[in-house]
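Residue numbers (my numbering): 301 to 599.
Where is the CB? At the ideal position from N, CA and C, for every residue including glycine.
These figures come from a predicted structure and were not determined experimentally.
One structure is given below, encoded as structure tokens.
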């Protein structure tokens, strides 16, 4: 009896099952355990995604110190988030500190261009409109005319004012059919409203050679040549430019003094000297018989 009891006790001791690793405190439920496990899995997947987007936050799989140093109850993604935000703020600060684009310094205006190539009149004829402020014939508003107009019948020959290379030959907006000739040193002449263009782009022309014919293409009220002289792209009075060109060939000292007239402020104040085209004068109203002449009222 006693031996059987001892054998039963010894067998019961050896059959005691070991304590489970996932033992939980009394009162906890399976639902809470599953939720905690799911949260842990989610935090690991978020940290992996962050490491793939941000190289600075990558963690070596064999580095256990990086995980053990985290405060208890925090995940890797929660610890890495401030670092990513700081990097973002740093990038924004660098953008704010970026210097603004440098403002180009104004280029000094020259008045010493070599105008000697300008030696020929572009067309024999009578000026119909000059350089400077005038009333626009289309809308009667004040407008700056950047060239000189020469009235001539359609088909009249147009000549190059000087030798050079054709920069443009074709149709261009209000110019209509136009030719631009480069004479070097920033000097360019323009010929507008042409009926016929007799040269091509890139061609070399001599002073006084025929380049086209007078017409009324583009923004024109009648057949004429619109002639411009430009210095570094700035329109100047063609008559003044041609006069200085002649002085440069004959009297260089006087030409340097006269070149002051080509300054931008002087040119901007130019006024077309041609009379303003007015309306046809009305004939006086005949007086009725037996009545005296009416007194004129001035306004």
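- Using a 10 angstroms sphere on the CB of residue 555, the tally of other CB atoms reaches 16 or more, which defines it as buried.
- Of the candidates 496, 529, 507 and 549, the residue whose Cα lies closest to the Cα of residue 454 is 496.
- In the three-state reduction of the DSSP assignment, residue 537 falls in the coil class.
- Where residue 562 is concerned, there is no enclosing beta strand (DSSP E), because DSSP gives it neither an H nor an E.
- DSSP places residue 467 within a strand segment (E or B) once states are collapsed to three.
- Per DSSP, the continuous alpha helix (DSSP H) segment holding residue 556 begins and ends at 552-558.
- If you look at residue 420, you'll find it isn't in any beta strand (DSSP E); DSSP assigns it neither H nor E.
- Taking C-alpha positions only, residue 475 is separated from residue 493 by approximately 5 angstroms.
- Under the Cβ criterion (8 angstroms, minimum of three pairs), the segment 427-444 does not count as touching the segment 497-507.
- Residue 465 sits close to residue 482, with the two beta carbons spaced by under 7 angstroms.
- For a cut-off of 8 angstroms, the C-beta gap from residue 532 to residue 410 is around 7 angstroms, short enough to register as a contact.
- Secondary structure note for residue 443: its beta strand (DSSP E) is the uninterrupted segment 442-445.
- Between the C-alpha atoms of residue 569 and residue 544 there is a straight-line separation of about 19 angstroms.
- Looking at the DSSP output, residue 526 sits in a beta bridge with 449 and 492.
- Counting along the chain, no beta strand (DSSP E) covers residue 410, and no H or E run does either.
- Per the coordinates, the alpha-carbon of residue 539 lies some 22 angstroms from the alpha-carbon of residue 519.
- Judged by DSSP in its simplified three-state form, residue 545 adopts helix.
- Its Cα nearest to that of residue 470, the residue 491 stands out among 491, 458 and 462.
- Residue pairing of residue 438 in beta bridges, as defined by DSSP: absent, with no partner found.
- The closest CA to that of residue 421, considering only 560, 529 and 552, is found on 529.
- Restricting attention to 559, 473 and 452, the CA atom closest to the CA of residue 426 is found in 452.
- Contact check for residue 525 against residue 511 fails: the beta carbons are separated by 7 angstroms or more.
- In the three-state reduction of the DSSP assignment, residue 568 falls in the helix class, which pools H, G and I.
- At the C-beta level, residue 445 and residue 572 come within 7 angstroms of one another.
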